[in-house]
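Participant: Protein chains in written order, with this note's numbering: chain W, 1 to 368; chain F, 1 to 236. Take this structure first; my questions come after.
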Amino acid sequence: MSSFLIARQNLFSEKGRLLITAGGVAFSVIFILLLLGLYQGWSTQITKFLGAIDSDLWVGQKGSRDLSHSLSLLPIDLLEKVQNQPSVKAVSPFIGRQLTFELKGQEAHLYLVGVDPGNLVRPYKIKEGKARPSKNEIIIDNAFAQKERLKVNDTLIIQSKTLKIVGISEGGNLLVYTFALIDQADLIDLLQFQQFTNYFLVKTNINVNEAQNLLQKEFPELSIVKKEQFLKNNAALLSETFLPIIGVLLLVAVLIGIAVIGLTIFTAAIEKSREYGVLKALGFTDRQLFAISLIQSIIAGFLGLLLGNILAPLLAFLAQTITGGFLYEVGPREIILVAVLTLVMSIAASLLPLRRILSIDPAQVFKA
Amino acid sequence: MILKTKNLFKIFNPKSAAEVTAVNGINFELQQGEIAMIMGPSGSGKTTFITMIGGLLKPTSGSVIFDGHHLESTSQKNLTVIRRHEIGFIFQSFNLLQNLTALQNVSIAGFGVSNPEIKASELLKNLGLKDRLNTKPANLSGGEKQRVAIARSLINNPKLILADEPTANLDKTHGHEVMQLLCSIGCEQNKSIIIVSHDERIKEVAHRVLYIEDGRLIKEEKGNHNKVCSMKTHFL
Numbered sequence: 001m002s003s004f005l006i007a008r009q010n011l012f013s014e015k016g017r018l019l020i021t022a023g024g025v026a027f028s029v030i031f032i033l034l035l036l037g038l039y040q041g042w043s044t045q046i047t048k049f050l051g052a053i054d055s056d057l058w059v060g061q062k063g064s065r066d067l068s069h070s071l072s073l074l075p076i077d078l079l080e081k082v083q084n085q086p087s088v089k090a091v092s093p094f095i096g097r098q099l100t101f102e103l104k105g106q107e108a109h110l111y112l113v114g115v116d117p118g119n120l121v122r123p124y125k126i127k128e129g130k131a132r133p134s135k136n137e138i139i140i141d142n143a144f145a146q147k148e149r150l151k152v153n154d155t156l157i158i159q160s161k162t163l164k165i166v167g168i169s170e171g172g173n174l175l176v177y178t179f180a181l182i183d184q185a186d187l188i189d190l191l192q193f194q195q196f197t198n199y200f201l202v203k204t205n206i207n208v209n210e211a212q213n214l215l216q217k218e219f220p221e222l223s224i225v226k227k228e229q230f231l232k233n234n235a236a237l238l239s240e241t242f243l244p245i246i247g248v249l250l251l252v253a254v255l256i257g258i259a260v261i262g263l264t265i266f267t268a269a270i271e272k273s274r275e276y277g278v279l280k281a282l283g284f285t286d287r288q289l290f291a292i293s294l295i296q297s298i299i300a301g302f303l304g305l306l307l308g309n310i311l312a313p314l315l316a317f318l319a320q321t322i323t324g325g326f327l328y329e330v331g332p333r334e335i336i337l338v339a340v341l342t343l344v345m346s347i348a349a350s351l352l353p354l355r356r357i358l359s360i361d362p363a364q365v366f367k368a
Numbered sequence: 001m002i003l004k005t006k007n008l009f010k011i012f013n014p015k016s017a018a019e020v021t022a023v024n025g026i027n028f029e030l031q032q033g034e035i036a037m038i039m040g041p042s043g044s045g046k047t048t049f050i051t052m053i054g055g056l057l058k059p060t061s062g063s064v065i066f067d068g069h070h071l072e073s074t075s076q077k078n079l080t081v082i083r084r085h086e087i088g089f090i091f092q093s094f095n096l097l098q099n100l101t102a103l104q105n106v107s108i109a110g111f112g113v114s115n116p117e118i119k120a121s122e123l124l125k126n127l128g129l130k131d132r133l134n135t136k137p138a139n140l141s142g143g144e145k146q147r148v149a150i151a152r153s154l155i156n157n158p159k160l161i162l163a164d165e166p167t168a169n170l171d172k173t174h175g176h177e178v179m180q181l182l183c184s185i186g187c188e189q190n191k192s193i194i195i196v197s198h199d200e201r202i203k204e205v206a207h208r209v210l211y212i213e214d215g216r217l218i219k220e221e222k223g224n225h226n227k228v229c230s231m232k233t234h235f236l
């Protein structure tokens, strides 16, 4: 109890220092929350668009597994063979490719996907306008629309083809590019893709696993992937590419937090070394003295955590409003993780002045 | 007998050019309820001597026997326990924790007390600090600070109180108050007290006055304790 009282009084008597420490921890917490929030946001977002496509199986070229890592090219005349399989209810070609074009004097990127005649390809959510583009029309994602300040009825010129924006969709923002939907015939024209498709989207009329096995037997040269697996394969892009980067940034944030709390607690321990000496002389154990430093660290860390948890969503909202593509999603799992990391920061920081505290000679208190 | 030192030595930086013999073979005894004053010039070894008696410094040789414990061979852990429960400290510069109130400064030292806040409050009231319980040291006068320090030294009902220059930072009036308090504590609670001081007035409250020079006990004389203690102040 005495250690808690001393820790609390020391901390709250130096309000400026406490504010700086809590602010520093809050900075780390905000940084960590934004990273985790962005990662979670991307993880959710990355499968939204593909998840909305109404297929049971994705049939692609052997070796292809997702839209990012490998290119799948299949002859379009294979469609009829697949269609004729008894396990298949419907087949539609999936054609999509990332294209770069000039917009307002700068490079812009869209992943164009053709809306098939069978209407299996559809937007995740329509914010404004039409849900299905006709000839010479395009539906763009809200993030792209906000970034490029585009609205319904504006036009885009992609490889000399003029496309009128007829809808704004949501859920198609992958940061590096956004999905856009155009009529499949338009896309075939644009890509000169008359003889090919990227994938076949298959709806089955029997159990999906069974259909997958049957089709794989029939077409051993093709890759037959269930929708859930295809979504996972696409989501892996994120974990493979960004997870190590996020890991490093998290480590940096935690180290910043440790440094901020640690420096404050260390400085306080130096300033209060005479008082620590008095406490030792009075009979405080080293454990009790360490507890003072630990409690101070934990209180400062907790205040920073609180502040960070309040400010991070506000900042994310601000960023979302400004950029439109700031995918922030934080749930209880992320909040618990940040709380644990803050506790780790606090404990690690409280260890910094430990040597100093242990080396304080209680006999020094007799010196005037 | 509560305390005995036998041929006590403290040599700093031994076997080097900077070797200093701070305490040079002191033999000393203190009875239960006795107030001893230690006088001597600066650097004579007084503070080193009571630091060893208080279990804060290990002697180079010799022994300190306090209440049956040989402090020179007692582990740090056990010395801490002895300091907590058996020894009270009063320092020249008060050494109060600046961020704590008077009450908190006293109660934090109440290791073996079941309700340290109540005990601290009683002690402070008896020392005339009833209205200063929640005041921080920065807003207390020197005399009030030293009374808080005295209350802190008493909270565990120790057998021995070590006071290092308790009146040095006080004016005449406050110095007198503190002397009276120490005298009362000795008389009414039968505490053993060692007071290190230059202040000749303290001779009035001591049973014995010992003179140290160059780490040696050179002279001992009787104090005026019995005379002064007739002016009892009511103390807990």
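Even for Gly, the Cβ is constructed at its ideal location relative to N, Cα and C. Just so we're clear, the structure is a prediction, and the values are computed from it rather than from any experiment.
Out of W:N153, W:K125, W:S134, state which residue places its alpha-carbon closest to the alpha-carbon of W:D141.
Facilitator: Nearest of W:N153, W:K125, W:S134 to W:D141, Cα basis: W:K125.
Participant: Below 8 Å on C-beta distance, what does W:E271 contact in chain F?
Facilitator: Under the 8 Å cutoff, chain F gives no residues; its nearest Cβ is about 10 Å from W:E271.
Participant: Give the DSSP-derived three-state secondary structure of W:K104 in the structure shown.
Facilitator: Note: W:K104 maps to coil in three-state DSSP.
Participant: Should W:Q106 be labelled buried (16 or more other beta-carbon atoms within 10 Å of its own) or exposed?
Facilitator: Exposed, since its Cβ has fewer than 16 Cβ neighbours within 10 Å.
Participant: Is the separation between the beta-carbon of F:N78 and that of F:F111 shorter than 9 Å?
Facilitator: No.
Participant: Just to confirm before moving on: does the CB-CB distance between W:T342 and W:A143 stay below 9 Å?
Facilitator: No, the pair does not count as a contact, with Cβ atoms beyond the cut-off.
Participant: Within 9 Å of any Cβ in chain W, is that where the Cβ of F:F12 sits?
Facilitator: No, F:F12 lies away from the interface with chain W (no Cβ there is under 9 Å from its Cβ).
Participant: Are W:S55 and W:F94 closer than 9 Å when you measure CB to CB?
Facilitator: Their beta carbons are under 9 Å apart, which means W:S55 touches W:F94 by this criterion.
Participant: Hey, W:P353 and W:I295: beta-carbon distance below 9 Å or not?
Facilitator: Going by C-beta atoms, W:P353 is not nearer than 9 Å to W:I295.
Participant: With distances taken from CA atoms, which of F:T74, F:M52, F:P116, F:N169 is nearest F:F28?
Facilitator: Closest by alpha carbon: F:M52.
Participant: Which residues in the same chain have their Cβ closer than 6 Å to the Cβ of W:T162, if we skip the five residues on either side of it in sequence?
Facilitator: Cβ neighbours of W:T162 beyond the five flanking positions: T155.
Participant: Would you say the region 345–362 of chain W touches the region 275–291 of chain W, given that touching needs at least three Cβ pairs under 8 Å?
Facilitator: Touching, yes, given that three or more Cβ pairs across the two stretches are closer than 8 Å.
Participant: Cβ of W:P362 less than 9 Å from any chain A Cβ?
Facilitator: No chain A is present in this structure, whose protein chains are W and F.
Participant: In chain W, which residues lie less than 7 Å from F:A109 when you measure between Cβ atoms?
Facilitator: Simply L282.
Participant: Check whether chain W comes within 9 Å of F:T47, counting only Cβ atoms and requiring the distance to be less than that.
Facilitator: Chain W, which has a Cβ nearer than 9 Å to the Cβ of F:T47, makes this yes.
Participant: Tell whether a beta-carbon distance below 9 Å holds between F:L103 and F:I65.
Facilitator: No, Cβ-Cβ distance for F:L103 and F:I65 is not below 9 Å.
Participant: If you run the structure through DSSP and keep just helix, strand and coil, what is W:S55?
Facilitator: Here W:S55 sits in coil by DSSP.
Participant: Given the structure, does W:G301 come close to the ligand GDP, in the sense that its CB is under 8 Å from one of the ligand's heavy atoms?
Facilitator: This structure lacks the ligand GDP; in fact it carries no ligand of any kind.
Participant: What would DSSP say about W:P332, mapped onto helix, strand or coil?
Facilitator: If DSSP states are grouped into helix, strand and coil, W:P332 belongs with the helices.
Participant: Examine chain F for any beta-carbon lying closer than 9 Å to the beta-carbon of W:Q9, and answer yes or no.
Facilitator: For W:Q9, the answer is yes, since a Cβ of chain F falls inside 9 Å of its Cβ.
Participant: Using 8 Å as the Cβ pair cut-off and three pairs as the minimum, do the region 330–340 of chain W and the region 253–272 of chain W touch?
Facilitator: Touching, no.
Participant: Going by DSSP, what residue range makes up the alpha helix (DSSP H) through W:D141?
Facilitator: Counting along the chain, W:D141 falls outside any alpha helix (DSSP H), though it belongs to the beta strand (DSSP E) covering 137–141.
Participant: Tell me which same chain residues have a C-beta within less than 8 Å of the C-beta of W:G118, skipping the five on either side of it?
Facilitator: Cβ neighbours of W:G118 beyond the five flanking positions: A90, V91, S92, L201.
Participant: At the 9 Å Cβ level, is F:N99 part of the contact set with chain W, yes or no?
Facilitator: At least one chain W Cβ lies under 9 Å of F:N99.
Participant: Using a beta-carbon distance below 9 Å, is W:S2 in contact with chain F?
Facilitator: At least one chain F Cβ lies under 9 Å of W:S2.
Participant: Looking at chain F, is there any beta carbon in it that lies within less than 9 Å of the beta carbon of W:L19?
Facilitator: It does not; no Cβ of chain F falls within 9 Å.
Participant: Within 10 angstroms of its Cβ, does F:H234 collect 16 or more other Cβ (buried), or is it exposed?
Facilitator: In this predicted model, F:H234 has a pLDDT of only 45, less than 50, meaning its place in the structure is not dependable; the value taken from the coordinates is given anyway. F:H234 is exposed by the Cβ-count criterion.
Participant: Mind pulling the chain F residues with CB within less than 7 Å of W:S13?
Facilitator: Those are N99, listed as they occur along chain F.
Participant: List in chain order: all unbroken alpha helix (DSSP H) runs of 4+ residues lying wholly within the region 280–325 of chain W.
Facilitator: Complete alpha helix (DSSP H) runs here, min 4: 286–323.
Participant: What number of angstroms, rounded off, separates the C-alpha of W:D286 from the C-alpha of W:V278?
Facilitator: The straight-line gap from Cα to Cα measures roughly 12 Å.
Participant: Would you identify the three-state DSSP class for F:T21, choosing helix, strand or coil?
Facilitator: The answer is strand: DSSP assigns F:T21 an E or B state.
Participant: Applying a beta-carbon distance threshold of less than 9 Å, which residues of chain W neighbour F:F89?
Facilitator: In chain order: V278, A281, L282, V365, F366.
Participant: Comparing the C-beta of F:Q104 with each C-beta of chain W, is any distance below 9 Å?
Facilitator: Yes, F:Q104 counts as interfacial toward chain W.
Participant: Can you give the Cα-Cα distance for F:N169 and F:L129, rounded to whole angstroms?
Facilitator: If I take the Cα positions, the gap works out to 19 Å.
Participant: Mind checking whether W:L327 and W:G41 have CB atoms under 9 Å apart?
Facilitator: In this structure, W:G41 lies closer than 9 Å to W:L327 by Cβ.
Participant: Would you kindly check if the distance between the Cβ of F:N95 and the Cβ of W:E275 is under 9 Å?
Facilitator: It is a contact, given that the beta carbons lie within the stated cut-off.
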